[in-house]
Amino acid sequence: MEFMTRFEEKMSSLDERYLELSTQKKKMEEELKVLTTKLDNLNSSYQGKERVRLDYSIIIS
């Protein structure tokens with residue numbers, strides 16, 4: 001009887017921990033999407049500036 005009680009308590013604790021970790025995982029995945037979008041935007045912006053520099057250096061030459 002005591003074994004079953006402890007077992008149920010442990011399972012309940014594990015269920016709570018699993019739910020907590022699942023929630024954290026979802027938040028991190030959403031944050032990763034935002035950061036990936038920001039990185040893509042920065043890369044696009046940088047490539048545009050690099051293209052302008054390249055065009056300008058060709059004109060000067």
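Numbered continuously in full-length UniProt numbering, the sequence shown closes out at residue 61. Glycine included, each C-beta is placed from N, C-alpha and C at the ideal position.
> Sorted by chain position, which residues of the same chain lie with C-beta nearer than 7 Å to Met4's C-beta, five sequence neighbours on each side aside?
Replying inline: none
> Roughly how many whole angstroms lie between the Cα atoms of Glu16 and Thr23?
Replying inline: 11 Å
> Between Asn41 and Glu31, what straight-line distance do the alpha-carbon atoms span, to the nearest angstrom?
Replying inline: 15 Å
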